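Asker: Residue numbers (the working numbering): 1 to 344. Positions of the beta carbon are idealized from the N, C-alpha and C atoms, including for glycine. Computed from a predicted structure; not experimentally measured.
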Amino acid sequence: MRAVVFTAEGQLSLEERPKPTPGYKEILIETAAVGICGTDTHVFDGEFEGTVFPLVPGHEATGTIVALGDGVNSGVFDFKVGDHVAINPSTTCGECEFCLNGHQNLCRFWNGLGVVASDGASQEYFTAPAGNVYKLKPETDLYQAALIEPLACAIRGWDVLPRRIGDHVLVYGAGTMGLLMAQLATRAGAASVSIVDLNPDRLAVAEECGIELRYTSADDADREKWDVVIDCTGNLRAIEDALTRVKPAGFFQDFGVAPADGTAKFSPFRVYRDEISIVGTMAVLNSFGRAVEMFEAGAINAEAMISHSFILDDYEEALELFRRGSGRKLQIRPNDTESRVLIP
Ligand SMILES: NC(=O)c1ccc[n+]([C@@H]2O[C@H](COP(=O)([O-])OP(=O)(O)OC[C@H]3O[C@@H](n4cnc5c(N)ncnc54)[C@H](O)[C@@H]3O)[C@@H](O)[C@H]2O)c1
Ligand SMILES: [Zn+2]
Ligand SMILES: [Zn+2]
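Have a look at this one:
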């Protein structure tokens, strides 16, 4: 079988490898789709903490079960060959202070499939621990369902925000994550959802996803302050601007991943005087199962969010397109026969 391998920082190759065999309580999956996101570029560039090369990238995956390792169905699981599944890529040690206190996403030995030290899904077949595998309904679109992993991150984001009916919510960035946070805002009871992006093409996608108020600058909005302001850009200037837009008693969420050594200016006086809360959110915590349910209930417009699919041969092209900010969500489909433009 074929696999994309990040062989070293900034280097990749397409390799022929033996099909993996599932170990104890592991499942072998034929890959349907795997989304590309900023994490993949960080891993490729050697900027992700702890990555061990060589590594097969890809952590936003779905597929079909082709084999079960020993012991998979001896406990709570009920998997069979042919099941359609989505995969939670996070594995944790279960022993450190953070695991033991219910913050497994902050595990000191956190390992993401395709991110740290275990191979991911940019290959024809991959294995995952049974506890990370989530069964999908047979009628669920397996390609679109690769959005379940980012949706699980977005649900975690909302878990640490207030969900008060009637709040006004402002999201910076209409990429995959901003669009998911904004679509969930409606579900969380927002009275209005505004979204800001410098790129008008991205705002057009937001419109397709039902986000009513869209701006290239928050200055153009008909309100000055919002109850909840969420940064989904990771851009320091956007974060600085976003912090000034929070209403007294409101929340700012740092969802985007800023450069590790970046610093942003804000007014500590205002944080004190107006009781502003600043909250972070990191990946998935107890939110993957809910993401499966929300996705299958149609909580997001997945069709509008995925613009391109690539075969393994075109992985590098996909990474380049992502870096240019072109298209919408880009996917790798390792078992497809050709790369496709789904939305021009
Ligand atoms: N916290 C988490 O758990 C988590 C999970 C996944 C992704 N992320 C992070 O979320 C961020 C967004 O991810 P994505 O996949 O949507 O990325 P993306 O690149 O697709 O989208 C970012 C959007 O922000 C816009 N943008 C950039 N600078 C801006 C500015 N100054 N003002 C307004 N808009 C601006 C871009 O035009 C783009 O549309 C990234 O930083 C990513 O690393 C965080
Ligand atoms: Zn991702
Ligand atoms: Zn741990």
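1. Return yes when the Cβ of TRP158 is within less than 9 Å of the Cβ of ALA188, no when it is not.
2. Considering only their Cβ atoms, is the gap separating PHE79 from VAL85 smaller than 9 Å?
3. Please name the residue, chosen from VAL133, GLU240 and ARG164, that lies closest to GLU149 on a Cα-to-Cα basis.
4. Give me the Cβ distance between SER309 and ARG333, rounded to the nearest whole Å; I'm assuming they're in contact under 8 Å.
5. Within a Cβ cutoff of 6 Å, which residues of the same chain sit near LEU318, ignoring the five residues on either side of it in sequence?
6. Suppose only complete runs of 3+ residues qualify. What are the beta strand (DSSP E) ranges in the stretch 304-328, listed by chain order?
7. Runs of 4 residues minimum, wholly inside the stretch 192-268: which ones carry the alpha helix (DSSP H) assignment?
8. Apart from the five residues on each side of it in sequence, which residues of its chain come closer than 6 Å, Cβ to Cβ, to GLY23?
9. Is ALA283 near ligand 5, judged by its Cβ being under 8 Å from some heavy atom?
10. Which same chain residues end up closer than 7 Å to GLY325 when comparing Cβ atoms and leaving out the 5 residues on each side of it in sequence?
11. Considering only DSSP beta bridges, list what LYS135 is partnered with.
12. Could you check if CYS99 belongs to the surroundings of ligand 2, using beta carbon to heavy atom distance under 8 Å?
13. Between GLN144, LYS25 and VAL56, which lies nearest to ASP40 when the distance is taken from Cα to Cα?
Answerer: Concretely, from the data shown:
1. In this structure, ALA188 sits near TRP158, with a CB-CB distance shorter than 9 Å.
2. Inclusion of VAL85 and PHE79 in the CB contact set at 9 Å is warranted, their separation being smaller than that value.
3. Out of VAL133, GLU240 and ARG164, VAL133 has the C-alpha closest to the C-alpha of GLU149.
4. Yes, they are in contact, since the Cβ atoms of SER309 and ARG333 sit about 5 Å apart, within 8 Å.
5. The sequence given here has Ala at residue 318, not Leu. Excluding positions up to five away in sequence, the list reads ILE36, PHE310 and LEU330.
6. Runs found: 306-310.
7. 200-208 and 236-243, all fully within the stretch 192-268.
8. Excluding positions up to five away in sequence, the list reads GLY69.
9. Because ligand 5 does not appear in the structure shown, any question about it cannot be addressed here, the ligands present being ligand 1, ligand 2 and ligand 3.
10. Within the same chain, and ignoring the five residues on either side of GLY325 in sequence, the residues whose Cβ sits closer than 7 Å to its Cβ are ASN199.
11. Beta-bridge pairing links LYS135 to VAL85.
12. No, Cβ of CYS99 sits at least 8 Å from all heavy atoms of ligand 2.
13. Cα-wise, what sits closest to ASP40 is VAL56.
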